[in-house]
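Numbering (the working numbering), first residue to last: 73 to 403.
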């Protein structure tokens with residue numbers, strides 16, 4: 073309740089400040105209420121309430137932007153996790169230009185407050201979420217950061233926590249050497265208690281080869297310098313007239329090879345969005361025959377009165393059949 077009160081008070085104060093300073097207030101967000109139901113089970117625990125709300129409010133001028141964000145998830149009617157942030161982006165290049173200092177093609181932005189990114193950049197698509205939560209990221213949260221951009225060729229990002237004596241940090245750079253190719257480097261001295269380094273690359277094959285359908289490949293090599301282990305993740309994804317296909321691979325820190333692939337189809341019948349797909353994956357290719365999973369899914373969505381109503385179904389071979397009705401609102 074205290075956090076909710078503080079957030080509400082902050083929003084009220086921001087509205088008041090907006091009226092005085094005549095700066096625009098931008099509010100956006102989303103709300104989703106859904107259920108995950110396993111037919112045939114009599115245990116109430118097999119019916120999961122899944123509620124999630126995101127609210128963002130921002131006040132901006134030509135030289136800065138202040139953002140308040142709230143991201144909350146609710147399960148079984150109780151708060152499972154929530155995130156509050158208030159941060160400011162200061163456009164130093166514009167401020168210096170106002171004072172007569174022209175930075176040319178160099179653009180500098182300072183980020184301060186709670187909610188500033190603490191991860192190094194990466195261009196890995198990570199289609200199967202192999203690297204989810206395992207990227208080059210500092211553990212500390214009280215950080216400030218700076219973004220330095222030179223035209224569209226190079227973007228450098230550095231984040232540091234000045235309140236900790238060891239100065240935990242994460243930094244990296246993204247490069248666009250040629251049209252259709254992107255690369256990124258990342259480093260942190262606070263990765264798993266030590267140093268971590270990553271290099272990633274992305275190739276828009278469709279653009280490079282002049283194809284009339286979407287085809288993209290990404291890869292990343294992540295190195296835990298303290299534990300002296302590596303992790304290689306790669307994926308290829310394509311789409312043609314609603315038919316999608318992706319393949320993802322990972323050799324993890326324990327040298328276990330993982331593979332996943334999914335084929336899907338999406339179409340629209342009148343005002344209803346329909347989709348279906350099948351995914352096969354293995355957590356260990358060395359034992360693929362006895363260690364694989366097949367998941368079939370389908371979904372239908374319909375927009376009515378500003379809300380989107382959806383019904384999704386998922387079946388795991390030799391496992392559960394799950395229904396997921398939901399309603400969502402975006403604003």
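All residues carry an ideal CB built from backbone N, CA and C; glycine is no exception.
Stretch pair the region 225-240 + the region 160-171: three plus CB contacts closer than 8 Å: By the C-beta criterion, the region 225-240 is judged not to be in contact with the region 160-171, since fewer than 3 inter-stretch pairs fall below 8 Å.
Considering only their Cβ atoms, is the gap separating residue 252 from residue 279 smaller than 9 Å? As a first step, residue 279 must be located in the chain shown, where it is residue number 207. As a first step, residue 252 must be located in the chain shown, where it is residue number 180. At the C-beta level, residue 279 and residue 252 come within 9 Å of one another.
Quick check on residue 313: does DSSP put it in helix, strand or coil? As a working note, residue 313 is residue 241 in the chain shown. Note: residue 313 maps to coil in three-state DSSP.
Where residue 325 falls: helix, strand or coil (DSSP): Counting from one through the chain shown, the residue named residue 325 turns up at place 253. Looking at residue 325 - three-state DSSP - the assignment turns out to be coil, as it is neither helix nor strand.
Check whether the region 321-333 and the region 243-262 touch, using three or more Cβ-Cβ pairs below 8 Å as the test. With a cut-off of 8 Å, the region 243-262 and the region 321-333 do not count as touching, because too few Cβ pairs lie within range.
Establish whether the CB of residue 175 and some CB of chain D are separated by less than 9 Å. The structure shown has no chain D; it contains just one protein chain.
Rounded to whole angstroms, what's the CA-CA distance from residue 268 to residue 305? Just pull it up for me. Looking up residue 268 in the chain shown gives position 196. Looking up residue 305 in the chain shown gives position 233. Linking residue 268 to residue 305 through their CA atoms gives a straight-line distance of about 16 Å.
Among the candidates 184, 134, 178, 238, whose CA atom is the shortest distance from the CA of residue 158? Start at 1 with the first residue of the chain shown, and residue 158 comes out as number 86. Considering only alpha carbons, the answer is 184.
With respect to the beta strand (DSSP E) encompassing residue 300, which residues constitute its N-terminal and C-terminal limits? Walking along the chain shown from the start, residue 300 turns up at place 228. Element bounds for residue 300: n/a, residue is neither H nor E.
Spatial neighbours of residue 73 in its chain, beta-carbon cut-off 8 Å, leaving aside the 5 residues before and after: What you label residue 73 is simply residue 1 of the chain shown in a count that begins at 1. Summary for residue 73: the model assigns pLDDT 45, below 50, so the residue's position carries little reliability; its value from the coordinates is reported in the next sentence. Cβ within range, chain order: n/a, list empty.
Do residue 307 and residue 321 have their C-beta atoms within less than 9 Å of each other? Taking the chain shown and counting its residues from 1, the one referred to as residue 307 is at position 235. Taking the chain shown and counting its residues from 1, the one referred to as residue 321 is at position 249. Yes, the pair counts as a contact, with Cβ atoms nearer than the cut-off.
On the DSSP letters alone, give me the boundaries of the beta strand (DSSP E) that residue 254 sits inside. Reading the chain shown from its first residue, position 182 is the one you call residue 254. That run of the beta strand (DSSP E) goes 253-263.
Could you give the distance in angstroms between the alpha-carbon of residue 284 and the alpha-carbon of residue 309? Here residue 284 refers to the residue found at position 212 when the chain shown is read from its first residue. Here residue 309 refers to the residue found at position 237 when the chain shown is read from its first residue. The alpha-carbon of residue 284 is positioned some 14 Å away from that of residue 309.
Please list, in chain order, all residues of the same chain as residue 374 whose beta carbon is under 6 Å from its beta carbon, the five residues on each side excluded. Your numbering for residue 374 matches position 302 in the chain shown. The answer, listed in chain order, is 344, 381.
CB-CB under 6 Å to residue 351, same chain, minus the five flanking residues each way: which ones, in chain order? As a working note, residue 351 is residue 279 in the chain shown. Same-chain partners within the cutoff: 334, 367.
Distance, Cα to Cα, residue 363 vs residue 353? For the purposes of this step, residue 363 is taken as the residue at position 291 of the chain shown. For the purposes of this step, residue 353 is taken as the residue at position 281 of the chain shown. Roughly 9 Å separates the two Cα atoms.
Taking residue 202 as the reference, which of 337, 133, 324 has the closest Cα? Sequence index remark: in the chain shown, residue 202 carries index 130 (1-based). Ranking 337, 133, 324 by Cα distance to residue 202 puts 324 first.
Put residue 126 into one of helix, strand or coil per three-state DSSP. The residue you call residue 126 lines up with position 54 of the chain shown. The answer is strand: DSSP assigns residue 126 an E or B state.
Measuring alpha carbon to alpha carbon, tell me which of 225, 226, 260, 141 ends up nearest residue 188. The residue you call residue 188 lines up with position 116 of the chain shown. For residue 188, the nearest C-alpha among the options comes from 141.
How would you call residue 358, buried or exposed, if buried means at least 16 neighbouring beta carbons within 10 angstroms? Here residue 358 is taken as the residue at index 286 of the chain shown, counted from 1. With a threshold of 16 other beta carbon atoms within 10 Å, residue 358 falls short and is exposed.
Nearest to residue 210 (by Cα), restricted to the options 401, 258, 340: If you number the chain shown from 1, residue 210 lands on position 138. Minimum Cα distance to residue 210 is reached at 258.
Taking the alpha-carbon positions, what's the residue 288 to residue 256 distance? For this step, residue 288 is matched to residue 216 along the chain shown. For this step, residue 256 is matched to residue 184 along the chain shown. In this structure, the straight-line span from the alpha carbon of residue 288 to that of residue 256 is close to 16 Å.
Less than 8 Å between the CB atoms is what I'm expecting for residue 295 and residue 273, so what's the real figure, rounded? Within the chain shown, numbered from 1, the residue matching residue 295 stands at position 223. Within the chain shown, numbered from 1, the residue matching residue 273 stands at position 201. About 15 Å separates the Cβ atoms of residue 295 and residue 273, ruling out a contact at the 8 Å cut-off.
Using a Cβ-Cβ cut-off of 7 Å (strictly less than) and excluding sequence neighbours within five positions of residue 264, which residues of its own chain qualify? Residue 264 sits at position 192 when you count from the first residue of the chain shown. Excluding sequence positions up to five before and after residue 264, its CB lies within less than 7 Å of the CB of 296, 298, 299, all in the same chain and listed in chain order.
Rounded to whole angstroms, how far is the Cβ of residue 181 from the Cβ of residue 164, which I believe are closer than 8 Å? Residue mapping note: residue 181 aligns to position 109 of the chain shown, counting from 1. Residue mapping note: residue 164 aligns to position 92 of the chain shown, counting from 1. Yes, residue 181 and residue 164 are in contact; Cβ-Cβ is about 7 Å, under 8 Å.
What is the rounded straight-line gap between the Cα of residue 260 and the Cα of residue 254? Position 188 of the chain shown, counted from the start, is the residue given in the question as residue 260. Position 182 of the chain shown, counted from the start, is the residue given in the question as residue 254. Distance between the alpha carbons of residue 260 and residue 254 is about 21 Å.
What does the Cβ neighbour count give for residue 99, buried or exposed, with the cut at 16 atoms within 10 Å? Here residue 99 refers to the residue found at position 27 when the chain shown is read from its first residue. Exposed is the call here.
Looking at residue 193 and residue 436, is the spacing between their C-beta atoms short of 9 Å? The shown model of the chain, from 73 to 403, leaves out residue 436, and the question about it has no answer.
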